[in-house]
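Shown next, in structure tokens, is the structure this report addresses.
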Amino acid sequence: MRRLEPEDLLLVLGARPSSDVGAWLRDGLREAVASGRLEAGAALPSSRTAAAGLGVSRGTLSGAVDELVGEGVLESRPRSSVVVADLARHPAGARPRGGAPDAPARPASVGAPDPTLFPRAAWARAVRDAMRELPDAELGYPDPQGLLELRRELAAHLRAARAAPVEAEDVVIVSGVAQGLALLGEVLAGGRGGRRVAVEDPASPGVVAQLRGAGLDVVPVPVDDRGLRTDALPDAAAAVVTPAHQFPLGVVLAPDRRRELVAWARDGDRLLLEDDYDAELRYDRQPVGALRGLDPARVALLGSVSKLLSPALRLGWVVAPPGVREALVDAKRRADLGCSVPEQAAFARLIADGAYARHLRRARLTYRRRRGVLLDALARDAPHVPVEGVAAGLHLVVRLPDGDAEARAVSALRDAGVPAELLSDASAGPGAWGVVVGAARVQGPAVVRVVEILRSAAEGAEARE
Ligand SMILES: Cc1ncc(COP(=O)(O)O)c(C=O)c1O
40 MRRLEPEDLL LVLGARPSSD VGAWLRDGLR EAVASGRLEA GAALPSSRTA AAGLGVSRGT
100 LSGAVDELVG EGVLESRPRS SVVVADLARH PAGARPRGGA PDAPARPASV GAPDPTLFPR
160 AAWARAVRDA MRELPDAELG YPDPQGLLEL RRELAAHLRA ARAAPVEAED VVIVSGVAQG
220 LALLGEVLAG GRGGRRVAVE DPASPGVVAQ LRGAGLDVVP VPVDDRGLRT DALPDAAAAV
280 VTPAHQFPLG VVLAPDRRRE LVAWARDGDR LLLEDDYDAE LRYDRQPVGA LRGLDPARVA
340 LLGSVSKLLS PALRLGWVVA PPGVREALVD AKRRADLGCS VPEQAAFARL IADGAYARHL
400 RRARLTYRRR RGVLLDALAR DAPHVPVEGV AAGLHLVVRL PDGDAEARAV SALRDAGVPA
460 ELLSDASAGP GAWGVVVGAA RVQGPAVVRV VEILRSAAEG AEARE
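Using our numbering, read the sequence shown as starting at 40 and increasing by one per residue.
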């Protein structure tokens with residue numbers, strides 16, 4: 040096995056910057072492995088030798104190396120040697136773990152988090168502790184409202200993280216925001232307020248499908264750079280909104296519009312369904328507080344672990360106003376008798392022992408850094424490609440001038456392994472062209488590729504004008 044010298048690393052990393060040395064190490068090493076400049080199987084120098092040779096602290100170096108091991112770019116071998124992974128055999132992030140066979144690849148969604156960040160060890164510990172401590176009585180059919188222990192932990196977490204009044208009795212555990220919307224849709228469709236529901240335009244096509252599947256008539260309401268156009272709200276029994284980070288445009292609902300929306304709900308005895316899908320992933324400041332804080336009797340707050348841990352868990356919550364809570368729990372009982380108790384108990388432990396908060400901090404830092412690298416590269420190499428929205432979440436939206444450009448951009452991004460959707464698919468009317476890019480895993484060489492695809496889609500469209 041070839042052992043690399045610090046000089047080999049310096050050669051591929053280039054000059055050491057004066058700040059953010061961690062990013063220099065991580066991004067440079069990742070790019071060198073992906074491009075083959077560091078050959079598969081070669082061993083890194085010992086951490087002491089490498090840190091001294093590169094002029095960095097051992098802590099910074101091991102932080103970068105740990106992260107790249109987590110991504111599958113480097114591999115940790117016995118006797119603490121670290122080698123360059125063979126990405127041709129196991130592309131980073133797609134390597135089999137624990138000897139399990141590769142699952143057939145399904146395309147990731149634009150809103151999916153990076154699965155390599157999932158805190159596997161902490162989750163495994165939480166499941167083990169839950170199975171040791173759960174009383175036998177909890178291994179019968181569950182409480183359809185959800186495990187009390189989890190509802191208590193979530194209530195405390197949401198009070199702090201979302202500045203919303205939440206008590207354990209307000210919380211209903213569901214299998215994700217999707218089920219929460221479907222069940223609330225069922226409750227609304229069976230109620231006296233009518234079947235019309237106002238939905239932001241554009242919106243998540245999956246959300247629209249859930250509402251229609253529950254028997255509701257969806258009425259689109261336009262969104263501008265201050266969020267939902269409250270002056271265009273129709274007469275309807277309810278509205279589904281994403282006030283903290285509009286999906287997909289990424290804008291935040293302006294304070295005066297938040298008040299107008301709540302007034303609209305009060306005046307017409309209407310319900311607001313607040314889809315808080317990624318609110319805890321704000322990178323430049325604390326997220327705006329949940330709309331629920333303005334009127335807990337009118338707002339059902341929906342959230343899930345899908346963006347924060349993994350959509351594979353199918354675990355979410357509805358903080359339900361008293362007026363719909365009983366009907367919602369009945370709908371949950373009819374749908375599936377309740378969520379898995381061991382999973383709920385494990386999640387409760389993950390929150391209680393601080394591992395959830397630690398994971399969120401780490402995920403936010405990682406996504407903030409990746410987003411910054413991608414936006415800097417776009418600003419530098421494709422300054423005419425406009426990126427919308429605040430510094431938050433796992434996706435980006437880029438407007439394109441016509442349908443051809445968006446189709447080409449989406450297919451090229453997917454070919455490059457980057458999740459992408461047509462903005463026109465999320466829009467009710469014609470004319471909204473663009474691409475929704477799943478940015479959670481875009482890093483290293485993929486940054487250059489994404490910038491190139493978006494640049495040429497925008498330029499190609501310009502050339503045809
Ligand atoms: C805006 C929005 N709301 C809701 C969902 C559904 O989330 P869950 O996985 O919690 O059902 C998604 C999923 O991508 C989403 O993008």
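Every residue, glycine too, gets a C-beta built ideally from N, C-alpha and C.
Model, not experiment: these values are computed from the prediction.
Three or more C-beta pairs closer than 8 Å, one from the segment 403-420 and one from the segment 463-482: is that the case here?
-> yes
Close beta carbons around Gly289, own chain, < 8 Å, minus the five adjacent residues each side | Glu427, Gly428, Val429, Ala431, Gly432, His434, Leu435 and Val436
Which of helix, strand or coil DSSP assigns to His423 = coil
Span of the alpha helix (DSSP H) holding Pro361?
-> Pro361 to Asp375
Tell me, to the nearest whole angstrom, how far the beta carbon of Ala359 is from that of Glu188; I am working on the premise that it is less than 8 Å.
-> That belief does not hold up - the Cβ atoms of Ala359 and Glu188 are roughly 19 Å apart, past 8 Å.
Three-state class that DSSP yields for Gly132 in the structure shown = Because Gly132 sits at a pLDDT of 49, beneath the cut-off of 50, its placement in the model cannot be relied upon, and the following sentence gives the value as read from the coordinates. DSSP places Gly132 in coil when its eight states are reduced to three.
For Leu310, which beta-bridge partners are listed by DSSP?
-> Ala277
DSSP state of Asp153 mapped onto helix, strand, coil | coil
Buried versus exposed, by CB contacts within 10 Å (16 or more), Leu43 = buried
Take Leu348 as the anchor and find which of Arg305, Arg400, Arg201 and Asp125 has the nearest alpha-carbon.
-> Arg400
For Gly138, which of helix, strand or coil comes out of DSSP?
-> Because Gly138 sits at a pLDDT of 43, beneath the cut-off of 50, its placement in the model cannot be relied upon, and the following sentence gives the value as read from the coordinates. Looking at Gly138 - three-state DSSP - the assignment turns out to be coil, as it is neither helix nor strand.
Roughly how many angstroms lie between the CA atoms of Leu48 and Thr99, to the nearest whole one?
-> 15 Å
If we ignore side chains and look at the alpha-carbon of each, how far apart do Asp256 and Ala275 end up?
-> 9 Å
Gln218 CB to nearest heavy atom of ligand 1 below 8 Å | yes
Buried or exposed for Ser243, please, with buried defined as at least 16 other CB atoms from any protein chain shown within 10 angstroms of its CB.
-> buried
Which whole-angstrom value is the C-beta distance of Gly328 and Arg201, which I expect to be below 8 Å?
-> 6 Å
Those runs of the alpha helix (DSSP H) which lie wholly inside the segment 226-306 and span at least 4 residues = 244-252 and 294-306
Just the C-alpha distance for Arg324 and Asp263, rounded to the nearest angstrom, thanks.
-> 22 Å
Consult DSSP for Gly92 and reduce its assignment to one of helix, strand or coil.
-> helix
Spatial neighbours of Val457 within its chain, please: CB distance less than 7 Å, with the 5 preceding and 5 following residues excluded, ordered by chain position.
-> Val476, Gly477, Val481, Ala485 and Val489
Over what stretch of residues does the alpha helix (DSSP H) that includes Leu197 continue unbroken?
-> Leu187 to Arg201
Return yes when the C-beta of Pro350 is under 8 Å from any heavy atom of ligand 1, and no when it is not.
-> yes
Asp240 Cβ short of 8 Å to ligand 1 heavy atom set = no
Can you pull the DSSP bridge partners for Glu44?
-> DSSP, once it has assigned bridges, lists no residue as partnering Glu44.
By DSSP, does Arg118 sit in helix, in strand, or in coil?
-> coil
Where does the unbroken alpha helix (DSSP H) through Gly102 begin, and where does it stop?
-> Arg97 to Glu110
Do you know offhand how far Ala416's Cα is from Gln218's?
-> 38 Å
Which residue's Cα is closest to the Cα of Arg410: Cys378, Ala54, Ala62 and Pro56?
-> Ala62
Alpha carbon to alpha carbon, what distance is there between Asp59 and Leu562?
-> Outside the shown range of the chain (40 to 504) lies residue 562, about which nothing can therefore be said.
For the candidate residues Ala194, Ser115, Glu110 and Asp175, whose alpha-carbon lies nearest to that of Phe157?
-> Glu110
Going by DSSP, which residues form a beta bridge with Ala82?
-> Arg42 and Val122
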